[in-house]
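I have placed the structure first, in the form of structure tokens, so that the comments after it can refer back to it.
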Amino acid sequence: MHCEIKKLPESVGQLANLAELNLINCQLKYLPSTIGQLASLTKLDLNGCSLKELPESLTQLTHLEWINLTGNPLDNLSTQMLDHLLSIDAVYGLER
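First residue of the sequence shown: 849, per our numbering; consecutive thereafter.
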């Protein structure tokens, strides 16, 4: 399955009740900083995207329990960023 989404709008942060976001195999190069406003997000699947970096605002996702970063050419990603995610139970595609 291939996703044609190349860019998420800044308005994605207005989806306050969104619990799961599946962006598998999208052609995203970056996530908008407003992704950190998704206060109810518990699951984020970014498998197979083209992400080179993650926004610092990701640390604001305090209810995030599961994230998949497999298949992304992430440059210099600090695992310390994920240490701020206190609810996280599972991280895929990244050595912690």
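For every residue, glycine included, the Cβ atom is placed at its ideal position computed from N, Cα and C.
{"Query": "Check whether G896 and N870 have beta carbons under 8 angstroms apart", "Result": "no"}
{"Query": "Endpoints, the beta strand (DSSP E) within which D893 is located", "Result": "K891 to D893"}
{"Query": "N916 classed as buried or exposed, judged by whether at least 16 other C-beta atoms fall within 10 angstroms", "Result": "buried"}
{"Query": "Residue from L889, D893 and Y878 with nearest C-alpha to P903", "Result": "Y878"}
{"Query": "Cβ separation of L933 and L909, assumed to be a contact under 8 angstroms, to the nearest whole Å", "Result": "6 angstroms"}
{"Query": "Inter-residue CB distance, S881 and H911 (contact presumed, cutoff 8 angstroms)", "Result": "With 8 angstroms as the limit, S881 and H911 do not qualify as a contact, their Cβ atoms being about 18 angstroms apart."}
{"Query": "Chain-order list of residues whose beta-carbon lies under 6 angstroms from that of K891 (same chain, five-residue window excluded)", "Result": "E868 and W914"}
{"Query": "Through-space distance from A938 to Q875, alpha-carbon basis", "Result": "23 angstroms"}
{"Query": "Span of the beta strand (DSSP E) around A938", "Result": "A938 to Y940"}
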